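Report on one structure; see the data block that follows.
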Amino acid sequence: MASHRHIYLYAFLFVALLAFVIPTGHGYEPQTGDIIFHTSRSSQSLAIQQATGSPYSHMGMVVIRDKKPYVFEASRRVTYTPLDVWIARGVDGKFVAKRVKAGLSSDQQKRLQQTAERYVGKPYDLTFSWSDERQYCSEVVWKIYSNALGMNIGQLQKLGDFNLNSPAVKAKLKERYGDRIPLNETVISPQAMFDAGQLYTVAEK
Numbered sequence: 329m330a331s332h333r334h335i336y337l338y339a340f341l342f343v344a345l346l347a348f349v350i351p352t353g354h355g356y357e358p359q360t361g362d363i364i365f366h367t368s369r370s371s372q373s374l375a376i377q378q379a380t381g382s383p384y385s386h387m388g389m390v391v392i393r394d395k396k397p398y399v400f401e402a403s404r405r406v407t408y409t410p411l412d413v414w415i416a417r418g419v420d421g422k423f424v425a426k427r428v429k430a431g432l433s434s435d436q437q438k439r440l441q442q443t444a445e446r447y448v449g450k451p452y453d454l455t456f457s458w459s460d461e462r463q464y465c466s467e468v469v470w471k472i473y474s475n476a477l478g479m480n481i482g483q484l485q486k487l488g489d490f491n492l493n494s495p496a497v498k499a500k501l502k503e504r505y506g507d508r509i510p511l512n513e514t515v516i517s518p519q520a521m522f523d524a525g526q527l528y529t530v531a532e533k
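For what it's worth, my numbering labels the leading residue of the sequence shown as 329, then goes sequentially.
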């Protein structure tokens, strides 16, 4: 009888442990500093995908706050969005989460979180300019890593380096810039960060 009680106890502890380490719904154990990507439903998503040759048009950085996972993202403004809400907002609920290969210490994670706070509330940058007044999704994550840890995640490019020939891209460029397209503007794309050699994939759906 005692042995049965032990079996039940071990079974209960095993199930409880699974519930703790595997969040319900997406099987991903997030950590502060993870970089997460999806295909957004925004009006500019198709243009971003075609210009960068990537299925990913939006991204953010995971931050654990009060033991709950959020995505720090530049949307209408730079803000924290609950992870499950962020994932559900993407096309078909699909996402890819990546992590720094070398790992991040608790101090490094803290510095990322502190640096992120400087950008909270900044408006979204529709013109993708390399300034601190406004931020777009990949820009704010790149700058957080660079300023907090000296890590440059992904290769910077110029706007003119992208494929600007598709009708969707041309329409967005005309809408945002008129006839004065800043082809020499420094840009970091979601795909460039996705391809960064410092990262590896920890979850994909």
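Every residue gets a Cβ at the ideal spot worked out from N, C-alpha and C, and that includes glycine.
The model shown is predicted, which means the values in this text are computed figures rather than measured ones.
Query, Result
"I'd like to confirm the pairing. Which residues does DSSP put opposite Leu-487 in its beta bridges?", "Leu-487 is not bridged to any residue."
"Per the DSSP calculation, Met-479 is bridged to which residue(s)?", "Answer is none; Met-479 lacks a bridge partner."
"For the segment 356 to 371 against the segment 412 to 428, do three or more pairs of beta-carbon atoms, one drawn from each stretch, fall closer than 8 Å, so that the two count as touching?", "yes"
"Quick check: Thr-380 and Gln-519, are their CB atoms within less than 7 Å of each other?", "yes"
"So, is Ala-524 buried or exposed, given that buried needs 16 or more other C-beta atoms within 10 angstroms?", "buried"
"Starting from Pro-518 and walking both ways along the beta strand (DSSP E), at which residues does that stretch end?", "Note, Pro-518: premise wrong, no beta strand (DSSP E); alpha helix (DSSP H) at 518 to 522."
"Which ranges does the beta strand (DSSP E) cover as unbroken runs of at least 3 residues, wholly within the segment 398 to 449, from first to last along the chain?", "406 to 410 and 424 to 428"
"Can you grab the Cα-Cα spacing for the pair Pro-495 / Gln-436, in whole Å?", "43 Å"
"Let's see if you can read the secondary structure: which residues bound the beta strand (DSSP E) around Leu-527?", "527 to 532"
"I think Gln-485 touches Val-406, with their Cβ atoms under 8 Å apart; what is that distance to the nearest whole Å?", "That pair is no contact at about 22 Å."
"Just reading off the beta strand (DSSP E) that Ile-392 is part of, what are its end residues?", "386 to 393"
"Apply the 10 Å Cβ neighbour rule to Lys-502 and answer buried if 16 or more other Cβ atoms are within range, or exposed otherwise.", "exposed"
"Kindly list the residues whose CB is nearer than 6 Å to the CB of Lys-471, restricted to its own chain and excluding five residues on each side of it in sequence; keep chain order.", "none"
"For Asp-453, collect the residues of the same chain with a Cβ closer than 6 Å to its Cβ; drop the 5 residues on either side in sequence, then sort them by chain order.", "Arg-462, Gln-463 and Tyr-464"
"Note the first and the last residue of the continuous alpha helix (DSSP H) segment covering Ile-376.", "373 to 380"
"Looking only at its chain, what residues have a beta carbon closer than 8 Å to the beta carbon of Gly-418, apart from the 5 residues adjacent to it on each side?", "His-366, Thr-367, Ser-368, Arg-369 and His-386"
"Exposed or buried, what is Lys-395 when buried is set at 16 or more other beta-carbons lying within 10 Å of its beta-carbon?", "exposed"
"Looking only at its own chain, which residues have a Cβ that is under 6 Å from the Cβ of Ala-531, when we skip the five neighbours before and after it?", "Tyr-356 and Ala-425"
"Quick check on DSSP: helix, strand or coil for Ile-364?", "strand"
"Is the separation between the beta-carbon of Thr-443 and that of Arg-504 shorter than 7 Å?", "no"
"Anyone know if the C-beta pair for Phe-522 and Tyr-384 falls short of 7 Å?", "yes"
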